Amino acid sequence: MPICILQDIRKTFSIGDIKFEILKGINLTIEKGEFLAIMGASGSGKTTLMNILGCLDTPTSGKYILSGKEVSSLSDDELSTIRNEHIGFIFQNFYLLPYATVFENVLLPTLYMEKRKDKVEKRALELLNLVGLEHRKKFKPNQLSGGEQQRVAIARALINDPELLLADEPTGQLDSKTADEIMSLLRSMNEKGKTLVLITHDQNIASYAKRILRIKDGVIV
Amino acid sequence: MVLLFKLKIISQSIKSISAFKLRSFFCIFSITLGIASITTIVAATEGAYEKAFEIVERFGPDSLLIFGGGEEARATGQRQRTLTLDDIEAIKNSFYSAYLVVPMTAMRDLTITYKNIKYQTLVVGSTDEYSKVWSWPLIEGYDFTIDDVKGLRNVGIIGQFLAKVLFRDEDPIGKYVLIKNIPVQIVGVLSERGTTPSGERLDDRIIIPITTLMRKLQNETKYVSAIRIRFHDQQNLYNYVEELKKFLRKRHSIPPGEPDDFTIISPKEIVKFLVALTGSLVIFLGITGIISLVTAGFVLANLFLLSVKERTKEIGIRRASGAKKSDIMIQFLGESVLLTTFGGLTGFILSLISSRFLSLIAQFPIHFSWKAFVSGLILSWSVGIIFGLQPANRAANLKPIEAIRE
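Structure follows, in structure tokens:
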């Protein structure tokens with residue numbers, strides 16, 4: 017069963033009178049449980065594609081069906097709810113809140129939904145255990161190494177048990193050994209059934225995926 | 193449930209308040225100063241009203257006091273003697289509503305002696321109705337009588353403070369004191385009245401028959417210093433002021449255009465005086481308070497705008513994690529309102545402390561009540577909302593993709 021169906025997705029930006037078409041008709045189907053890498057150079061449109069996949073942005077035209085629901089024309093609030101419930105993000109720069117503890121960072125997405133506190137806290141501990149950082153739960157992000165910070169971010173992405181994980185250059189800030197550890201962790205998530213979309217320009221990182229797509233000048237090649 | 197859900201977001205506001213300590217400190221500090229002066233104003237206004245009410249009550253809301261000499265003469269400290277015993281009889285006969293018309297003449301700093309204790313005090317000459325016309329009951333003994341007044345007898349009633357100075361623990365009733373060289377027998381003791389706002393001890397006085405004072409101490413047969421009148425119908429008091437003016441001008445043959453040679457003090461005059469006293473301070477503090485509150489508001493808005501810029505990524509990651517625009521709005525507005533609330537509370541405390549000093553140096557009536565507290569709180573919320581709105585709105589409207597962009 018497909019989790020994402022993109023039909024002729026186009027995205028146009030305009031600066032003054034000049035219009036740039038960043039995505040020029042993307043057609044893509046992502047199956048549930050898939051591990052897909054989207055590769056492309058900078059400016060190829062891969063980040064814009066990820067933003068649309070992650071409901072951070074809406075396409076100028078085209079259809080995007082996420083988990084059987086048409087989302088390309090939803091309101092800002094509705095998109096927020098979808099991000100909260102269906103999507104987990106992992107960013108290149110981790111994006112942890114510097115003044116919150118590891119534990120609080122993992123819990124961040126649960127602030128924006130109604131779930132029982134004891135349940136989500138139990139799950140946060142399980143996830144920290146899973147990424148091997150239970151003993152660091154009271155640390156602040158700046159007390160952690162880059163690899164550890166990314167593990168926290170992965171735990172955060174998983175807290176609401178989303179169907180889709182989006183990782184944008186998740187190893188871009190890490191050395192190759194740590195990068196391998198993070199990729200192995202992500203692969204194990206995929207093996208447990210999570211659909212994983214990886215955005216990268218790095219061939220070695222992309223090789224962890226089961227399917228690789230290349231994007232160039234706004235089209236899949 | 194929904195409220196609980198918003199509380200989670202407010203808890204984020206609290207976290208960032210403690211995370212961005214310097215910003216929080218400046219915001220709180222600037223609000224504190226503004227709220228402190230505004231709260232003091234409210235308390236001072238309330239204090240003034242309370243004081244005015246108290247003074248009017250004590251003065252007697254149905255009473256007038258007439259002094260000899262016009263307002264200008266009084267202002268320059270001269271005491272002209274223009275009121276006569278005949279005036280008093282005439283007022284008694286012409287104003288039927290005046291149920292008490294009592295003359296008074298005061299002499300300051302007369303030496304009074306008991307045994308070997310000498311003390312300088314205020315000697316008031318009046319009638320048997322003195323304590324009645326001032327609603328000033330005796331706690332011991334009796335008023336002197338109309339016969340004492342008619343007979344120029346050497347009797348007196350004494351204030352609490354003076355009684356303590358002269359008699360210590362002895363019972364003053366029946367004892368003789370010397371005023372200058374005239375022996376006076378104490379027949380009554382007045383109850384305690386305390387101190388006026390200007391610091392005068394009201395209980396430091398002795399009252400003797402006005403006839404005795406005029407003949408034996410002043411060698412005077414005609415003039416008195418003041419007349420106190422009480423009316424049955426309090427609501428017409430200000431009509432009586434006008435009528436009395438006409439009446440006395442006619443009796444004193446003052447041609448039109450010339451100023452009065454007497455001054456009528458009514459409860460209204462007292463309130464006017466007190467309002468003039470507090471008014472200038474209220475205006476001064478009011479302007480300072482409003483300026484500092486507005487300044488505080490701009491400080492807050494600026495620091496928050498900076499903060500929003502600095503925390504773009506935080507906003508981005510919150511939005512990516514599912515925060516709605518309204519959630520971001522609530523968080524930032526929550527931060528600013530919590531900060532101003534905190535500033536409001538510290539401002540109230542500062543105002544409490546500073547007004548202590550104010551009343552120490554200026555005998556300034558200040559009264560703190562829930563009104564001062566609530567108005568301070570409402571003002572600090574308003575500042576928090578008004579000046580926090582724009583930065584919070586900017587934060588809420590950041591596009592998620594722009595917020596998380598490198």
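Heads up: the sequence lines are chains B and F, in that order. My numbering numbers the first residue of the first sequence as 17 and each following residue consecutively. My numbering numbers the first residue of the second sequence as 193 and each following residue consecutively. Backbone N, C-alpha and C define an ideal beta-carbon position, used for all residues, glycine too. Remember, it's a predicted structure, so these values are computed and weren't measured experimentally.
For GLY526/F, not one C-beta of chain B is nearer than 7 Å to its own C-beta. Annotation: GLU384/F is outside any beta strand (DSSP E) and is labelled neither H nor E by DSSP. For the pair ALA140/B and ASP184/B, the Cα-to-Cα distance works out to about 22 Å. Within chain B, the C-beta atoms nearer than 8 Å to that of ILE593/F come from ASN67, LEU72 and ASP73, in chain order. Counting only the Cα atoms, ALA282/F lies some 23 Å from ILE400/F. Here VAL118/B really is in contact with PHE155/B; their C-beta atoms are around 5 Å apart, less than 8 Å.
Of all residues in the stretch 480-514 of chain F, only LYS505, GLU506, GLY508, ILE509, ARG510, ARG511, ALA512, SER513 and GLY514 place a beta-carbon less than 8 Å from a beta-carbon of chain B.
What ALA116/B touches in chain F, judged by beta-carbon distance under 7 Å, is LYS207, going in chain order.
Three or more beta-carbon pairs separated by less than 8 Å link the stretch 478-494 of chain F to the stretch 229-237 of chain F, which places the two stretches in contact. Taking a 10 Å sphere around the C-beta of VAL416/F, we find 16 or more other C-beta atoms and assign the residue as buried.
Using a Cβ-Cβ cut-off of 7 Å, ALA211/F counts as an interface residue toward chain B, since at least one Cβ of chain B sits closer than that to its own.
Its Cα nearest to that of ASP279/F, the residue SER445/F stands out among ALA512/F, SER445/F and LYS516/F. Fewer than three beta-carbon pairs drawn from the stretch 19-29 of chain B and the stretch 193-207 of chain B are found closer than 8 Å, and the two stretches are therefore not classed as touching. Taking CB atoms only, LYS464/F has no neighbour in chain B less than 7 Å away. Secondary structure of LYS232/B (DSSP, three-state): strand.
In this structure THR313/F does not touch LEU330/F by the C-beta definition: roughly 18 Å separates them, more than the 8 Å allowed. The C-beta of SER161/B comes no closer than 7 Å to any C-beta of chain F.
In its chain, beyond the 5 residues on either side, PHE579, GLY580, GLN582 and PRO583 have a beta carbon closer than 8 Å to the beta carbon of ALA493/F. As for any alpha helix (DSSP H) of minimum length 4 sitting wholly inside the stretch 471-543 of chain F, the runs are 504-512, ordered along the chain. For LYS442/F, the enclosing alpha helix (DSSP H) stretches over residues 429-443. Sixteen is the threshold: since fewer than 16 other Cβ atoms of the shown chains lie within 10 Å of the Cβ of HIS424/F, the residue is exposed. Between ALA587/F and ILE520/F the beta-carbon gap is near 5 Å, inside 8 Å, which marks them as a contact.
The Cβ neighbour count for PRO364/F, taken over all protein chains shown within 10 Å, is at least 16; the residue is labelled buried. Looking at the DSSP output, GLY261/F bridges to nothing. For LYS200/F, the nearest beta carbon of chain B is closer than 7 Å to its own beta carbon.
For the options LEU358/F, ARG360/F, ARG422/F and TYR368/F, the alpha carbon positioned closest to that of GLY348/F is the one of TYR368/F. Under the 7 Å criterion on CB atoms, LYS243/F is classed as non-interfacial with respect to chain B. Annotation: THR187/B is outside any alpha helix (DSSP H) and is labelled neither H nor E by DSSP.
One alpha carbon belongs to ARG215/F, the other to LEU530/F, and they sit about 13 Å apart. For ILE462/F, the closest C-alpha among the options ARG385/F, LYS284/F and GLU246/F is that of GLU246/F. Against chain B, a Cβ distance below 7 Å from GLN582/F picks out nothing, because the smallest value is about 20 Å.
Residue state for PHE51/B is assigned as strand, using DSSP reduced to three classes.
Of the candidates ASP339/F, MET296/F, ILE541/F and GLU263/F, MET296/F places its Cα closest to the Cα of LEU277/F. Scanning its chain for C-beta atoms nearer than 7 Å, with the 5 sequence neighbours on each side dropped, one finds around HIS559/F the residues ALA235, GLU238, GLY239 and GLU242, in chain order. One thing to note: ILE371/F has its Cβ within 7 Å of the Cβ of ILE304/F. With respect to the 7 Å criterion, VAL147/B and ILE170/B are classified as neighbours on the basis of their beta carbons.
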